[in-house]
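According to the UniProt record's numbering, numbering within the sequence shown proceeds without interruption in unit steps and concludes at 182.
A virtual CB, placed ideally from N, CA and C, is assigned to each residue, including glycine.
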Amino acid sequence: MIRIDKVATRTGDEGHTSLGDGTRLAKDALRIEALGAVDEANASIGVLRLHLDAGSPDGVLLQRIQNGLFDIGGDLCMPGEMGDTLRIDGRLLATLDAAIETMAASQKPLDSFVLPGGSAGAAQAHVVRTVVRRAERRVVSLAAVEPVNPEVTRALNRLSDYAFVLARRLNDDGRNDVLWVR
């Protein structure tokens with residue numbers, strides 16, 4: 001069980017923060033950048049959920065995804081821990097793949113790029129997509145120099161795909177997409 005007694009610890013006032021294992025890092029270290037980007041992705045999903053009914057299948061899945069992003073943060077904040085301690089495994093990826101397949105089946109193929117927009121929910125889903133892509137880039141940068149659970153990058157990659165397909169669904173399965181015109 002997690003217990004947070006104090007939010008303002010003042011230990012980060014000099015530009016450093018602690019990981020879950022107690023390691024102190026500069027706040028601009030690659031691992032902290034990756035953690036922060038995943039946190040931003042989670043917050044952007046929180047805003048997207050405001051555009052949906054909380055009990056709807058999309059709302060429920062997005063909350064599950066938010067929990068998965070916390071698990072990704074758990075993996076990222078414990079460097080060097082691999083094996084049985086990993087929090088992210090293939091289940092989140094499988095869930096995202098199934099959701100993408102189900103939603104995409106009812107959407108017509110695209111013959112143009114989609115501009116972010118349409119409905120407010122779809123526009124926010126595009127924000128989620130881009131924020132998740134940034135998180136993925138930060139994790140890839142980290143993975144180039146330190147070990148990272150490979151399921152993390154896979155899950156983030158698929159999550160951005162899911163956000164794109166969800167945006168189209170929120171635009172009436174693509175019928176109200178705003179298309180790029182050359």
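Alpha carbon to alpha carbon, how far is residue j from residue i? Give it in angstroms, no decimals.
i      : j      : result
ASP28  : TRP180 : 36 Å
PHE70  : ASP39  : 8 Å
ALA147 : LEU93  : Looking at the sequence shown, residue 147 is not Ala but Pro. The straight-line gap from Cα to Cα measures roughly 20 Å.
ARG10  : SER18  : 12 Å
LEU35  : SER44  : 14 Å
ALA26  : MET78  : 15 Å
LEU170 : GLU14  : 44 Å
THR130 : GLU101 : 20 Å
ARG138 : ILE32  : 9 Å
HIS51  : GLY117 : 14 Å
Per DSSP, residue i forms a beta bridge with which residues?
i      : result
ALA26  : HIS16
ASN115 : The sequence given here has Leu at residue 115, not Asn. Partner(s): VAL178.
Here's the rule: buried if 16 or more other CB atoms are within 10 angstroms of the residue's CB, otherwise exposed. What is residue i?
i      : result
VAL128 : buried
ASP58  : buried
GLY73  : buried
SER160 : buried
ASP177 : buried
Would you kindly check if the distance between the Cβ of residue j and the Cβ of residue i is under 8 Å?
i      : j      : result
ASP75  : ILE65  : no
ALA99  : TYR162 : yes
ALA167 : ALA122 : yes
LEU115 : GLU136 : no
LEU61  : ARG158 : no
VAL165 : ALA41  : no
ALA37  : ARG154 : no
Any C-beta of chain C sitting closer than 8 Å to the C-beta of residue i?
i     : result
GLY20 : Given the protein chain composition of this structure (a single chain), no chain C is represented.
So, do the segment 139 to 153 and the segment 107 to 119 have three or more beta carbon pairs nearer to each other than 8 Å? Two segments are said to touch when three or more pairs of C-beta atoms, one from each, lie closer than 8 Å; by this definition the segment 139 to 153 does not touch the segment 107 to 119.
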